[in-house]
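Using the numbering used here, the letters of the sequence shown correspond one by one to residues 16 to 901.
Every residue, glycine too, gets a C-beta built ideally from N, C-alpha and C.
All figures in this text were calculated on a predicted structure; none of them were measured in a lab.
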Amino acid sequence: MDKLIVIDGNNIIYRAFFAMPPLTNASGQQTNAVYGFTTMLLRLIDEHKPTHMMVAFDAGKETFRHADFQEYKGKREKTPPELSGQFPLLKELLQGLGVAQFEIGGYEADDIIGTITRLADEEGRKVMVVSGDKDMLQLASEHVTIAMVRKGVTDIEPYGPAQIQERYGLTPSQIIDLKGLMGDASDNIPGIPGVGEKTALKLLHEFGSVEQVLARSGELKGKMKEKIEENADSAILSKKLATIFREVPLEQTPDDMKFNGLNQETAGPALAKLGFKSLLERLKLDAGGGAHAQEAAQPQAEVRVTVVDEQRLSEVAGALDEIKVMHVETHGDNPHHADVIALVLAGDEQQYYIPFELLTSEAAEPIRIWLADSAIPKRGYDLHRIDLALHWQGIAFAGAAFDVHLAAYLLDPTESNQTLSGLAAKYGLSFLESDDDVFGKGAKWKVPETEVLSNHLARKCEAIAEILPLQERELTDNEMLPLFHELEMPLSRILADMEKQGIAVNEEALKELGREFEEQIAKLVTEIYEIAGMEFNLNSPKQLGEILFVKLQLPVIKKTKTGYSTDAEVLEKLAPYHDIVRLILQYRTIAKLQSTYVEGLLKEISPQTGKVHTYYRQTIAATGRLSSQYPNLQNIPIRLEEGRKLRKVFVPSEPGWSILAADYSQIELRVLAHISDDDRLKEAFLHDMDIHTKTAMDVFGVSEEEVDSNMRRSAKAVNFGIVYGISDYGLSQNLNITRKEAAKFIDQYFEVFQGVRRYMDEIVKQAKRDGYVKTLLERRRYLPEINASNFNLRSFAERTAMNTPIQGTAADIIKLAMVKMDAALFERKLRSRMLLQVHDELVFEVPEDELDIMKKLVPEVMSDAFKLAVPLKSEVSYGENWYEAK
Numbered sequence: 016m017d018k019l020i021v022i023d024g025n026n027i028i029y030r031a032f033f034a035m036p037p038l039t040n041a042s043g044q045q046t047n048a049v050y051g052f053t054t055m056l057l058r059l060i061d062e063h064k065p066t067h068m069m070v071a072f073d074a075g076k077e078t079f080r081h082a083d084f085q086e087y088k089g090k091r092e093k094t095p096p097e098l099s100g101q102f103p104l105l106k107e108l109l110q111g112l113g114v115a116q117f118e119i120g121g122y123e124a125d126d127i128i129g130t131i132t133r134l135a136d137e138e139g140r141k142v143m144v145v146s147g148d149k150d151m152l153q154l155a156s157e158h159v160t161i162a163m164v165r166k167g168v169t170d171i172e173p174y175g176p177a178q179i180q181e182r183y184g185l186t187p188s189q190i191i192d193l194k195g196l197m198g199d200a201s202d203n204i205p206g207i208p209g210v211g212e213k214t215a216l217k218l219l220h221e222f223g224s225v226e227q228v229l230a231r232s233g234e235l236k237g238k239m240k241e242k243i244e245e246n247a248d249s250a251i252l253s254k255k256l257a258t259i260f261r262e263v264p265l266e267q268t269p270d271d272m273k274f275n276g277l278n279q280e281t282a283g284p285a286l287a288k289l290g291f292k293s294l295l296e297r298l299k300l301d302a303g304g305g306a307h308a309q310e311a312a313q314p315q316a317e318v319r320v321t322v323v324d325e326q327r328l329s330e331v332a333g334a335l336d337e338i339k340v341m342h343v344e345t346h347g348d349n350p351h352h353a354d355v356i357a358l359v360l361a362g363d364e365q366q367y368y369i370p371f372e373l374l375t376s377e378a379a380e381p382i383r384i385w386l387a388d389s390a391i392p393k394r395g396y397d398l399h400r401i402d403l404a405l406h407w408q409g410i411a412f413a414g415a416a417f418d419v420h421l422a423a424y425l426l427d428p429t430e431s432n433q434t435l436s437g438l439a440a441k442y443g444l445s446f447l448e449s450d451d452d453v454f455g456k457g458a459k460w461k462v463p464e465t466e467v468l469s470n471h472l473a474r475k476c477e478a479i480a481e482i483l484p485l486q487e488r489e490l491t492d493n494e495m496l497p498l499f500h501e502l503e504m505p506l507s508r509i510l511a512d513m514e515k516q517g518i519a520v521n522e523e524a525l526k527e528l529g530r531e532f533e534e535q536i537a538k539l540v541t542e543i544y545e546i547a548g549m550e551f552n553l554n555s556p557k558q559l560g561e562i563l564f565v566k567l568q569l570p571v572i573k574k575t576k577t578g579y580s581t582d583a584e585v586l587e588k589l590a591p592y593h594d595i596v597r598l599i600l601q602y603r604t605i606a607k608l609q610s611t612y613v614e615g616l617l618k619e620i621s622p623q624t625g626k627v628h629t630y631y632r633q634t635i636a637a638t639g640r641l642s643s644q645y646p647n648l649q650n651i652p653i654r655l656e657e658g659r660k661l662r663k664v665f666v667p668s669e670p671g672w673s674i675l676a677a678d679y680s681q682i683e684l685r686v687l688a689h690i691s692d693d694d695r696l697k698e699a700f701l702h703d704m705d706i707h708t709k710t711a712m713d714v715f716g717v718s719e720e721e722v723d724s725n726m727r728r729s730a731k732a733v734n735f736g737i738v739y740g741i742s743d744y745g746l747s748q749n750l751n752i753t754r755k756e757a758a759k760f761i762d763q764y765f766e767v768f769q770g771v772r773r774y775m776d777e778i779v780k781q782a783k784r785d786g787y788v789k790t791l792l793e794r795r796r797y798l799p800e801i802n803a804s805n806f807n808l809r810s811f812a813e814r815t816a817m818n819t820p821i822q823g824t825a826a827d828i829i830k831l832a833m834v835k836m837d838a839a840l841f842e843r844k845l846r847s848r849m850l851l852q853v854h855d856e857l858v859f860e861v862p863e864d865e866l867d868i869m870k871k872l873v874p875e876v877m878s879d880a881f882k883l884a885v886p887l888k889s890e891v892s893y894g895e896n897w898y899e900a901k
């Protein structure tokens, strides 16, 4: 037995179920757990080339351990039906793939694995056990490695005796003692109450085993001695329950675990039955079996990469027509200041690695022309970042056609690891190392030798080429290809153009505003000290707490582990009690404006352009909204006049020009009116009524003249609460009323707006059925917790299901408006420039002779961006700076 891989089937399919977004096949069966398990299995096969392979399953709920302790695993939550229905699908698939599977009545998968590893160990054969269960560490030996799955089903860390010693200071056999002392809540193993991992390790480092801890308990003191002596029987039982039984009567032999590669006749049909088209395509398997399936067993071909020098540049220039994908390696979080390391161009047969220094040479002009040609489609990873990084190095980039990073975001916007190596792992491509493994992290980051670097970047191109057609298929299947090609890809280029353009800042005005804020801060600090009767550190929660709750005897709202809470929520509640609280809130507001925005913006002004160049991220927010960084221009506070003043420093970049801003009016509520088809909501917008006044009229049953400011404020709070997932607690906090009053108000709202209530109910049902919700433009958001047994997780997913189609559609519409606005400016040959997108607002700089045109054009384009059942409306203003344009 050259190399045996044993997989803990129950553990891994369970992890895969919660790691993967919901997925169903054509028959409506949920398959996400099977898909996640299969991608991990294929990765193991590809990386380790096992000669023998086996998946072990639990045979049932009752095992011999229940005779000793009837409550063993008694507190485990019931397996979700969406998961339990996938066990037979996985077992059928394993049979089709040609992978052995064992289950034996009365025993757990752990015991089967324990027995197989013992037999293999005795014969000196190498075994790798794949599991996420720490109990398996007790099996580690010279020949047995435990591959612990740490995150999802892709992050695996190998443990042998040396690694266990390093991590825990224990031998593998002492893992059982560890469980005996600390117990295991997931298996309902009691252990010794109050003894956690840290204490258990300390005891074992001193005494060596559970038995020795009990025998020498007299050496311990106080409560620890009492706990151990009172729970001696529990510790012995727990150690017994945690011990993997390694004498299971196996009928199977090593020959039953032989693995000669995927079964070429049955693997294809088995994958096809589950609808795993991307895996079929990657493995080059025939859905009908046989035929060209032999290709799947072929090893990955060695990548062919040429390290280009000046003499070879002409060879590259001659091969440009054959380039399929490209990659530019950069370093630095902010692409406006990133270092460009190298360019790799990849065709079908050959790849070219071009160091950046060579790319800037005179002889590389044909390659730079190729990069700048918008008629030549470019395919790669994070082309937006590439565009920006090259621009600041004086190299133009155009023609972005397919960005696998952007496609990955659309296919699963909640996936946290969208790095290229993360995507490669997701698609079972094991040949790509992570950047951290190649370059190192933080202070340890460095460019490796050319041979290592060129091969790594060539592998990136290879991964891009493999992933791209699979994503294209998924986008097509999910009806998101138009969203990708007609909205997100064009927008990527538009954002890059806006970012490169930047927005001008009046630096002197910003400094003057800073001085104004500093004077206000000094005045507020003096007033606060006078009221407190002493000086103290205003930024110290501990000292502030002492002043407020000890010296001034204000009511304690909330306590933390470190003392009194003085967070914003607490201070807001205390404000009516004492003037000092109001002054502290003002101090915090002005101090944040000064440090975050004045000082922060001053650091971000480019000395070359006199502008700030933000970085828009398309792949961060799960709702589809854009995010802004370096600096964040979307979070400039505008509720307070002091915050609004910050907008005065943003000015046109050319004399005589104006800043023009256009803002969608209540776009999310208009989207809600369309999606819910609620007659009352639609009526308000069709008649151009004030929606909050209209809501107050309908909910309180009064005429327009009878609506007072409190009624309108309440209506406004519930209107926006609906968009963001209303709860009685949230509304009670917003309006400073009781939860009972808030719940009554929400009930009244839904009684009146029954279409909204119907929408809320139906979208949650749909999400529970499909596992995701969609915007009107087909953007998906997966909700894996929508059927969770945990109330909090499930409730959050339900609220997300309600608000994502509203917020997501609003985000899609303003993106669509940007694409159409960009086209309108180009078609009319206007000099006006789009500079910023801030939530529902677009900001332009406009020459004087185009002002009248733009005042009319911008609202027209924004209003016509997407057809709803109610009209979209935008309001335009302009002035000498952004403040005046609001």
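- Where residue 817 sits in the DSSP three-state scheme: If you number the sequence shown from 1, residue 817 lands on position 802. Three-state result, residue 817: helix.
- Query: What is the C-beta distance between residue 4 and residue 586, in whole angstroms, given that I count them as a contact (C-beta under 8 Å)?
  - Reply: Not covered by the structure: residue 4. The range shown for the chain is 16 to 901.
- Look up residue 20 in the DSSP assignment and give the residues it is bridged to. Taking the sequence shown and counting its residues from 1, the one referred to as residue 20 is at position 5. For residue 20, which the question treats as bridged, DSSP gives the partners 68 and 143.
- Item | Identified DSSP bridge partners for residue 346 | To locate residue 346, count along the sequence shown from 1; it is residue 331. Paired residues: 354.
- Task: Could you tell me the boundaries of the beta strand (DSSP E) in which residue 519 lies?
- Result: In the sequence shown, the residue the question calls residue 519 occupies position 504. Residue 519 -> beta strand (DSSP E) spans 518-520.
- Query: Does DSSP classify residue 925 as helix, strand or coil?
  - Reply: Examination of residue 925 is not possible in this model, given that the chain is present from 16 through 901 alone.
- Message: Please state the DSSP three-state secondary structure of residue 360.
- Response: Locating residue 360 in the sequence shown gives position 345, where the first residue counts as 1. Strand at residue 360.
- residue 838, DSSP secondary structure in three states: Walking along the sequence shown from the start, residue 838 turns up at place 823. The answer is helix: DSSP assigns residue 838 an H, G or I state.
- Task: Mark residue 843 as exposed unless 16 or more other C-beta atoms lie within 10 angstroms of its C-beta, in which case mark it buried.
- Result: As a first step, residue 843 must be located in the sequence shown, where it is residue number 828. Looking at its Cβ environment, which holds fewer than 16 other Cβ atoms inside 10 Å, residue 843 is exposed.
- Query: When you compare each of 64, 116 and 299 to residue 74 by their alpha carbons, which one comes out closest?
  - Reply: Against the sequence shown, residue 74 aligns to sequence position 59. The residue with the shortest Cα to Cα distance from residue 74 is 116.
- Quick one: what's residue 173 bridged to in DSSP? One-based indexing of the sequence shown puts residue 173 at position 158. For residue 173, which the question treats as bridged, DSSP gives the partners 162.
- Who are the Cβ neighbours of residue 61 in its own chain at under 6 Å, not counting the five residues just before and after it? For the purposes of this step, residue 61 is taken as residue 46 along the sequence shown, with counting starting at 1. Excluding residues within five positions, the ones whose Cβ falls inside 6 Å are 445.
- In three-state terms, what does DSSP make of residue 451? Position 436 of the sequence shown, counted from the start, is the residue given in the question as residue 451. DSSP places residue 451 in helix when its eight states are reduced to three.
- Task: Give the straight-line distance between the Cα atoms of residue 502 and residue 626, rounded to the nearest whole angstrom.
- Result: Here residue 502 is taken as the residue at index 487 of the sequence shown, counted from 1. Here residue 626 is taken as the residue at index 611 of the sequence shown, counted from 1. The straight-line gap from Cα to Cα measures roughly 28 Å.
- Task: Figure out for me which residue from 658, 612, 23 and 764 has the closest Cα to the Cα of residue 644.
- Result: For the purposes of this step, residue 644 is identified with residue 629 of the sequence shown, where counting begins at 1. Nearest option by C-alpha distance: 612.
- Message: Cutting at 6 Å between CB atoms, please list the residues of its own chain near residue 693, excluding the five before and the five after it.
- Response: As a first step, residue 693 must be located in the sequence shown, where it is residue number 678. Contacts found: 768, 770 and 771.
- Message: Considering Cα atoms alone, identify which of 162, 658, 724 and 831 is closest to residue 4.
- Response: Lying before the first or after the last residue shown, residue 4 is absent from the chain, which here runs from 16 to 901.
- Query: What are the residues that DSSP puts in a beta bridge with residue 630?
  - Reply: For the purposes of this step, residue 630 is identified with residue 615 of the sequence shown, where counting begins at 1. Per DSSP, the beta-bridge partners of residue 630 are 644.
- Where does residue 822 sit, in a helix, a strand or coil, going by DSSP? Your numbering for residue 822 matches position 807 in the sequence shown. Secondary structure of residue 822 (DSSP, three-state): helix.
- Rank 217, 838, 190 and 273 by C-alpha distance to the C-alpha of residue 254 and give the top, closest one. Sequence index remark: in the sequence shown, residue 254 carries index 239 (1-based). Looking at the Cα atoms, 190 is the closest of the given residues.
- Item | Alpha carbon of residue 616 to alpha carbon of residue 792, nearest angstrom | Residue mapping note: residue 616 aligns to position 601 of the sequence shown, counting from 1. Residue mapping note: residue 792 aligns to position 777 of the sequence shown, counting from 1. Distance between the alpha carbons of residue 616 and residue 792: 36 Å.
- Query: DSSP three-state call for residue 704: helix, strand or coil?
  - Reply: Here residue 704 is taken as the residue at index 689 of the sequence shown, counted from 1. Looking at residue 704 - three-state DSSP - the assignment turns out to be coil, as it is neither helix nor strand.
- Under the three-state reduction of DSSP, which class applies to residue 39: helix, strand or coil? For this step, residue 39 is matched to residue 24 along the sequence shown. Three-state result, residue 39: strand.
- Cα separation between residue 339 and residue 361? Locating residue 339 in the sequence shown gives position 324, counting from the first residue. Locating residue 361 in the sequence shown gives position 346, counting from the first residue. Those two C-alpha atoms are separated by around 6 Å.
- Message: Can you look up residue 856 in the DSSP assignment and give me helix, strand or coil?
- Response: As a first step, residue 856 must be located in the sequence shown, where it is residue number 841. Strand at residue 856.
- Nearest to residue 799 by alpha carbon, out of 789, 782 and 455? Within the sequence shown, the letter at position 784 stands for residue 799. Out of 789, 782 and 455, 782 has the C-alpha closest to the C-alpha of residue 799.
- Message: Starting from residue 484, trace the alpha helix (DSSP H) in both directions and tell me its first and last residue.
- Response: Along the sequence shown, one-based indexing puts residue 484 at 469. Counting along the chain, the alpha helix (DSSP H) containing residue 484 begins and ends at 465-492.
- Query: From residue 914 to residue 471, what does the alpha carbon distance come to, in whole angstroms?
  - Reply: Residue 914 is absent from the structure shown; the chain starts at 16 and stops at 901.
- Mapping DSSP to helix, strand and coil, what is residue 674? Translated into positions along the sequence shown, residue 674 becomes position 659. Three-state result, residue 674: strand.
- Query: To which residues does DSSP link residue 889 through a beta bridge?
  - Reply: The count along the sequence shown starts at 1 and reaches residue 889 at position 874. Bridge partners of residue 889: 679.
- C-alpha distance - residue 828 paired with residue 734, whole-angstrom precision: In the sequence shown, counting from the first residue as 1, residue 828 sits at position 813. In the sequence shown, counting from the first residue as 1, residue 734 sits at position 719. Approximately 20 Å between the Cα atoms of the pair.
- Query: Does DSSP put residue 712 in a helix, in a strand, or in coil?
  - Reply: Mapped onto the sequence shown, residue 712 falls at position 697. Correct three-state label for residue 712: helix.
- DSSP state of residue 395, grouped into three classes? Within the sequence shown, residue 395 is the residue found at index 380, counting from 1. Note: residue 395 maps to strand in three-state DSSP.
- Does the pairing of the stretch 890-901 with the stretch 695-702 give three or more beta-carbon distances under 8 Å? no
- Task: Pair every Cβ in the stretch 835-850 with every Cβ in the stretch 802-822, then say whether three or more of these pairs are closer than 8 Å.
- Result: Output reads no: the stretch 802-822 does not touch the stretch 835-850.
- Task: Name the residue from 325, 213, 672 and 418 whose alpha carbon lies nearest to the alpha carbon of residue 381.
- Result: Looking up residue 381 in the sequence shown gives position 366. The option with the nearest alpha carbon to residue 381 is 325.
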